[in-house]
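Numbering (the working numbering), first residue to last: 93 to 293.
The beta-carbon is built from N, C-alpha and C at its ideal position, and this holds for glycine as well.
Structure first, then comments.
Written out as structure tokens, the structure reads:
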């Protein structure tokens with residue numbers, strides 16, 4: 093599937109698995125797990141969702157990652173490929189890459205430690221077109237100076253690339269580091285959002 097064809101409508105290594113155990117519809121073990129892949133300007137994306145009757149498409153987004161990326165689990169037995177479960181997520185991705193969307197509004201279902209969840213929610217508050225540093229984010233959350241590395245680990249374990257904008261967190265010296273999608277993609281995203289000037293105009 094390619095984002096351009098849509099109608100107009102990363103687990104970090106060693107971190108907790110945001111997807112939990114694989115489950116299938118009708119087994120009594122829990123909600124169904126859906127997945128799809130989609131081409132994007134960044135490369136192929138892997139989206140995973142959990143069945144959620146209250147969500148617009150009947151599923152809540154659990155993970156968005158670079159397909160085949162380091163530490164990214166691939167589709168598992170029992171998962172169901174179903175692009176329809178991601179209709180709204182794919183629509184918003186298309187709008188984002190077209191420059192018409194600056195904030196994702198999706199239903200998420202992610203698992204992590206209380207600290208990780210606190211950090212992930214703080215990522216949502218970083219405005220489009222801006223950046224913040226690890227130290228600044230730590231200050232907002234009241235994280236002691238000696239625990240900034242733990243904050244970096246939580247950011248690196250963010251299971252929802254793009255939609256929870258960990259790419260907007262940079263080093264105090266402006267260095268592009270710590271992005272699961274790779275430094276080139278981080279630079280591309282920040283340039284797309286206007287937070288960085290393009291190298292050539």
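Between residue 193 and residue 158, the CB-CB gap reaches or exceeds 9 Å. The alpha-carbon of residue 166 is positioned some 21 Å away from that of residue 144.
Within the same chain, 242 and 246 come within 8 Å of residue 207 by CB-CB distance, once the 5 residues on both sides are set aside. With distances taken between CA atoms, residue 273 lies nearest to 248 out of 287, 149 and 248. In the three-state reduction of the DSSP assignment, residue 160 falls in the coil class.
By the criterion of a C-beta distance shorter than 7 Å, residue 286 is surrounded in its chain by 221, once the five residues flanking it on both sides are discounted. The closest CA to that of residue 256, considering only 275, 195, 269 and 175, is found on 195. Ranked by Cα distance from residue 148, the options 177, 239, 234 and 210 are led by 177. Counting only the Cα atoms, residue 170 lies some 24 Å from residue 250. Rounded to whole angstroms, the gap between the alpha carbons of residue 244 and residue 270 is 8 Å.
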